[in-house]
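**Student:**
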Amino acid sequence: MTPPPTTDPEAGPAEADAADRGTAAPGSGPRRAGTRSVTGRVVRAGGLSLRVAPRTLTVGTAAAVLLAAVMVVTLTAGEYSLTLGQVLASLAGRGDETGDFVVYTLMLPRLLVAVLVGAMLAVSGGILQTVTRNSLGSPDVIGFTSSAATGALVVITVLGGTMLQVSLGALIGGVVAALLIYVLAYHRGVSGLRFVLMGIGINALAVAANSFLITRASLHDALTAQAWLVGSVNSRGWEHVVAAAVTLAVLLPAALSRTRSLSMMELGDDTASALGVRTGRDRTLLIGVSVLLAAFAVAAAGPITFVALAAPQLTRRLTRSSSPGLVTTALVGALLLATGDLLVQQLFPAAQLPVGTATGCVGGLYLIWLLASEWRGKGRYA
84 MTPPPTTDPE
94 AGPAEADAAD
104 RGTAAPGSGP
114 RRAGTRSVTG
124 RVVRAGGLSL
134 RVAPRTLTVG
144 TAAAVLLAAV
154 MVVTLTAGEY
164 SLTLGQVLAS
174 LAGRGDETGD
184 FVVYTLMLPR
194 LLVAVLVGAM
204 LAVSGGILQT
214 VTRNSLGSPD
224 VIGFTSSAAT
234 GALVVITVLG
244 GTMLQVSLGA
254 LIGGVVAALL
264 IYVLAYHRGV
274 SGLRFVLMGI
284 GINALAVAAN
294 SFLITRASLH
304 DALTAQAWLV
314 GSVNSRGWEH
324 VVAAAVTLAV
334 LLPAALSRTR
344 SLSMMELGDD
354 TASALGVRTG
364 RDRTLLIGVS
374 VLLAAFAVAA
384 AGPITFVALA
394 APQLTRRLTR
404 SSSPGLVTTA
414 LVGALLLATG
424 DLLVQQLFPA
434 AQLPVGTATG
444 CVGGLYLIWL
454 LASEWRGKGR
464 YA
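Residue numbering for the sequence shown follows the numbering used here, starting at 84 and increasing by one per position.
This is how it looks when you write it as structure tokens:
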């Protein structure tokens, strides 16, 4: 795989301008066959630079517009139907008591949790798939979400803790699993394949532990735990919104600060190291960010599957880019989960079906298709 042209801060004017255009500089030799040119321009501000690709910008804008449309439909077409004017009046602080109750207590917290959790899971999956260089490198496949669920189930079935303690248990479970996988996979560095294989093993152990905890619990605790395990944004409040928003506001910039390292890791550790990337340090930091995003997402909404696996894949296909666009991936993940929750509300209004049932069904079909594509040799992201 030939690395895409990049802007070298020490390159001459011709080379830098050629890299910005995605073409070869005069005298630099012909481009290799099969190399995709990099479109877009590099925007510089002070010591920072950002490549703006038109297709990625278009996909991100379209995802944001669709997400806004889904949010409007969710707020106006729920069980307690409101007009768009009533919703806008409530958001502007001029609504009546009924409208404010429906918007601020019933609908908006649930919607915002779906948007934030979808974005967190998508970014977590995008980071892991890039770091491991494996399309199955997702927190729900490797075992982060199942282990976070184990920590929460211990609090529910053994300790009988509050929802805040359940969230803390989920966070501890996800972090412990990540440390265990990292230690077991470490041998003169962390190989992506070893990391995925160890994660699959830890995932199997966590699933078994979850089943054991449920079978040993009382009927009430078992029902509570099983409902939580499905993954849902039902009955979420503003405390969940604040926790998820703060987590995303802190961890997404941390991941974006390592965007160049993430892109270089696509080319392999040797190439990335030759290009000046400290692969060991940056991989550890990025895996830590991914784990925390997944753990906080599980703490807020339970172990919702499919989103972390599919959103990065869909983003890569739509943008036709091999490098991870974390902001676009976050928007696509938010759109997927918000749309899934809207469909569940509209198709099963009386059952209050958790959104995790819908994403689980779709995710199983998607995983079958992904594995079949891999076996046919269509490529790592086919």
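Every residue gets a Cβ at the ideal spot worked out from N, C-alpha and C, and that includes glycine.
All of these numbers come straight from a predicted model, not from anything done at the bench.
Contact between the stretch 419–429 and the stretch 197–210: three or more CB pairs below 8 Å?
**Tutor:** yes
**Student:** By the 10 Å Cβ neighbour count, where 16 or more other Cβ atoms means buried, how is isoleucine 451 classified, buried or exposed?
**Tutor:** exposed
**Student:** According to the Cβ coordinates, are leucine 236 and tryptophan 311 closer than 9 Å?
**Tutor:** yes
**Student:** Using only the alpha-carbon positions, how far apart do leucine 397 and serine 340 sit?
**Tutor:** 23 Å
**Student:** Return the residue from the list Val224, Asp304, Leu302, Thr139 that minimises the CA-CA distance to alanine 287.
**Tutor:** Val224
**Student:** On the DSSP letters alone, give me the boundaries of the alpha helix (DSSP H) that glutamine 309 sits inside.
**Tutor:** 302–313
**Student:** Use the C-beta contact count for threonine 402: other C-beta atoms within 10 angstroms, 16 or more gives buried, fewer gives exposed.
**Tutor:** buried
**Student:** Just to confirm before moving on: does the CB-CB distance between methionine 347 and valine 214 stay below 9 Å?
**Tutor:** No, the pair does not count as a contact, with Cβ atoms beyond the cut-off.
**Student:** Assign tyrosine 187 to one of three DSSP states: helix, strand, or coil.
**Tutor:** helix
**Student:** Quick one: grab the DSSP three-state call for valine 316.
**Tutor:** Looking at valine 316 - three-state DSSP - the assignment turns out to be coil, as it is neither helix nor strand.
**Student:** Quick check: the Cα distance between threonine 122 and arginine 399, rounded to an integer number of angstroms?
**Tutor:** Any reading at threonine 122 needs caution, since the residue's pLDDT is 48, under 50, leaving its predicted position unreliable; the model's value is listed next. So the two alpha carbons sit approximately 15 Å from each other.
**Student:** Just how far apart, CA to CA, sit glycine 105 and threonine 139?
**Tutor:** With a pLDDT of only 39 at glycine 105, under 50, the local geometry of the prediction cannot be trusted, and the value read off the model is given with reservation. About 15 Å.
**Student:** Taking only beta-carbon atoms, is glutamate 162 less than 9 Å away from chain B?
**Tutor:** The chain inventory of the structure shown lacks chain B, comprising one protein chain alone.
**Student:** When DSSP labels each residue in this structure, what does phenylalanine 295 get in the three-state scheme?
**Tutor:** Phenylalanine 295 sits in a helix when the DSSP states are folded into three classes.
**Student:** Taking 9 Å as the threshold (C-beta atoms), are leucine 392 and leucine 334 in contact?
**Tutor:** No, Cβ-Cβ distance for leucine 334 and leucine 392 is not below 9 Å.
**Student:** Is the stretch 406–415 touching the stretch 179–195, taking contact as three or more C-beta pairs under 8 Å?
**Tutor:** no
**Student:** Buried or exposed, going by whether 16 or more other CB atoms sit within 10 Å of the CB of leucine 150?
**Tutor:** Residue burial is scored here from C-beta neighbours: leucine 150 has at least 16 other C-beta atoms within 10 angstroms and is therefore classed as buried.
**Student:** What's the gap between the Cα of glycine 244 and the Cα of alanine 382?
**Tutor:** 14 Å
**Student:** Taking 8 Å as the threshold, find out whether the stretch 410–418 comes into contact with the stretch 362–373 through three or more Cβ pairs.
**Tutor:** No: the two stretches stay apart, fewer than three of their Cβ pairs being nearer than 8 Å.
**Student:** Considering only C-alpha positions, which residue in the set Ala205, Ala152, Leu219 is nearest to serine 456?
**Tutor:** Taking serine 456 as reference, the option from Ala205, Ala152, Leu219 with the minimal CA-CA separation is Leu219.
**Student:** Give the DSSP-derived three-state secondary structure of glycine 447 in the structure shown.
**Tutor:** helix
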